[in-house]
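Everything in the sequence shown is counted per this note's numbering, starting at -16 for the first residue and increasing by one. The beta carbon of each residue, even a glycine, is placed where N, CA and C say it ideally should be. All values reported here derive from a predicted model rather than from experimental measurement. The block underneath contains the structure these notes are about, expressed in structure tokens.
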Amino acid sequence: FIMMTCCFRRFEHASLSRYGVCVGIIALLVLVYWSEDAQVVHTLKDKMVDATVKLQEHHTQHEHQQTGAERSSSRSNNKNTSSSVVAAVDNETDQQVLNEPRTTTGFLAVVAFSSTYHNFDNFHQRIFKALDTWMTEPIYYIVFGEDQKEAYDQFCVTNDNQTILDYCQRLYPLFVDCIDGHGNGATNCKEEKGLTKLRDEVGRFNYVWYADDDIYVRLDYLKEYLKMFPSDDIFTITAGDPIRMGFGNKSNCTTDNVDFWYPMGSPVCYSQGAMDVALESFQYDSLSTIGRVFGTMHDVGNAILHWSLTLPNNHGLEWAQFNIPQTLTGTEMGIHGVERGKATMWEAHTAYGNLVIPEHTEDFPVKWHNVTGIQQTTVYKQYGDPRKWKASEWEKISVDACVKDSVRRLQAAASKFEQQQHRRHLFRRTF
């Protein structure tokens, strides 16, 4: 066909005899082709099929033998490869080839948000020490702002220090379009986009643990604890009792009604069912909106969000802040604020690392908090269940969204009465 096209294009202005020459040449080539031994073609075809089958068998065998840690190692060993391309892309087929860490961490994904801070002190003091102590899972997922990608590559990809590269082989960076640091909604944005990227890029997990990077966790204890519950159920696990939501911030959530209480949201462990609910709201910037309206970061904002989504909560695990308690009962989950307070990571490991895990499920502490307070509010009556909210509903949330409807009416009546009294006072002063 190609020769015919070229031939006719070559003689498109030629005489009829020239066309005859073209047709003759093409006919001669066809006869030569069909006179060739067809067995040669079949032999080549069979060899290609055999080679393809063997290649597939070798690939399958190699894939089963390769562990999750080895997959992450192959990511970092190539110093000329940017860590931003964590999921390699075949340009010819445009098919994304993932590292598939889900094959080794399908039960639990341990996720933290962090920052390189341009000097990497927190890498050495927090992330690397976590890998040395409590972080026993093969992959540690870390959420960074995209503006930290180049600095991360210099530290974890092109670095000549093999010790650092060995640490970095166990990290899976999740770069998201959020500003770095903690202010201006950065932590809310990182949680929304980081956990969304984890689901989209890596896959589903039975449980997802999300926290700051300055923590020590009894991970073996947590995993045994989680086995008691069906991951398909919708619930969160937090460390610490329910508190007045939005405390210390510009909100009206600080009520004595426990229906309007919820534990802090850092750390938080999502069941797969709860993660589905939270991710649905994340696509409409639910946590970022709450942070902007209530003036909260992810920890306080999570309490309001989880309460709004009516996520049942188990807060049986104890959790320390900054300082290690003098007496440990064995039910402690860990500590937040290592390397920031009086406790270092290794001091926490010495204190918590040898605590005994209960042998019987009844010895694990369980405290359920089922929240329905949102259903008693005006915002619920106006816009319905927040689990079904879109961007337009989340944008309408206000600081009195967590106020009970009857209380809100009383507040409105009191405000109206105060305004009337103020007008009467002005009238008397005038006349």
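Three-way DSSP call (helix, strand, coil) for residue i in this model
i    : result
K387 : strand
G229 : coil
Y253 : strand
T310 : coil
Q304 : strand
D183 : helix
M247 : coil
W192 : strand
E315 : strand
P121 : coil
I217 : coil
G320 : coil
N296 : strand
W377 : helix
Buried or exposed by the 16-neighbour rule on C-beta atoms within 10 Å, applied to residue i
i    : result
G356 : buried
H289 : buried
K112 : buried
S264 : buried
A374 : exposed
E53  : Here E53 scores only 42 on pLDDT, less than 50, and its place in the model should not be relied on; the value that follows carries that caveat. Flag for E53 reads exposed.
T146 : exposed
M211 : exposed
V386 : buried
F96  : buried
V241 : exposed
Same chain, Cβ closer than 8 Å to residue i, five either side skipped, listed in chain order
i    : result
D224 : P246, H298 and K350
G284 : N171, G248, L270, I273, G274 and F277
D268 : E175, A374 and W377
Proximity test, residue i beta-carbon vs the ligand GTP heavy atom, cut-off 7 Å
i    : result
A331 : In the structure shown, the ligand GTP is absent, as is every other ligand, since no ligand is present at all.
Residue i, enclosing alpha helix (DSSP H) - first and last residue
i    : result
L202 : L202 to L209
D282 : H281 to S291
G274 : S269 to F277
C139 : K132 to C139
Close-in-space but distant-in-sequence residues of the same chain around residue i (CB under 6 Å, 5 per side omitted)
i    : result
V321 : D197, Y199, M328 and A331
I220 : C252 and N297
A334 : I307
N189 : F90, S214 and Q255
W117 : Y199, V200 and L202
W302 : A222, G223 and M316
H319 : I198 and Q304
CB-CB length for residue i against residue j, believed under 8 Å
i    : j    : result
P369 : S291 : 5 Å
G128 : V159 : 7 Å
V362 : T293 : About 13 Å separates the two Cβ atoms, so there is no contact after all.
L418 : V126 : As displayed, the chain neither begins before -16 nor continues past 414, which places residue 418 out of reach and without an answer.
L262 : T179 : 6 Å
Nonlocal neighbours in the same chain, by C-beta distance under 7 Å from residue i, ignoring five residues either side
i    : result
I340 : D203, Y204 and E207
K176 : V159, D160 and C161
L114 : Y123, Y150 and R153
H281 : T170, N171, E174, G248, S249 and L270
G367 : none
First through last residue of the beta strand (DSSP E) which encompasses residue i
i    : result
Y155 : L154 to V159
L91  : L91 to F96
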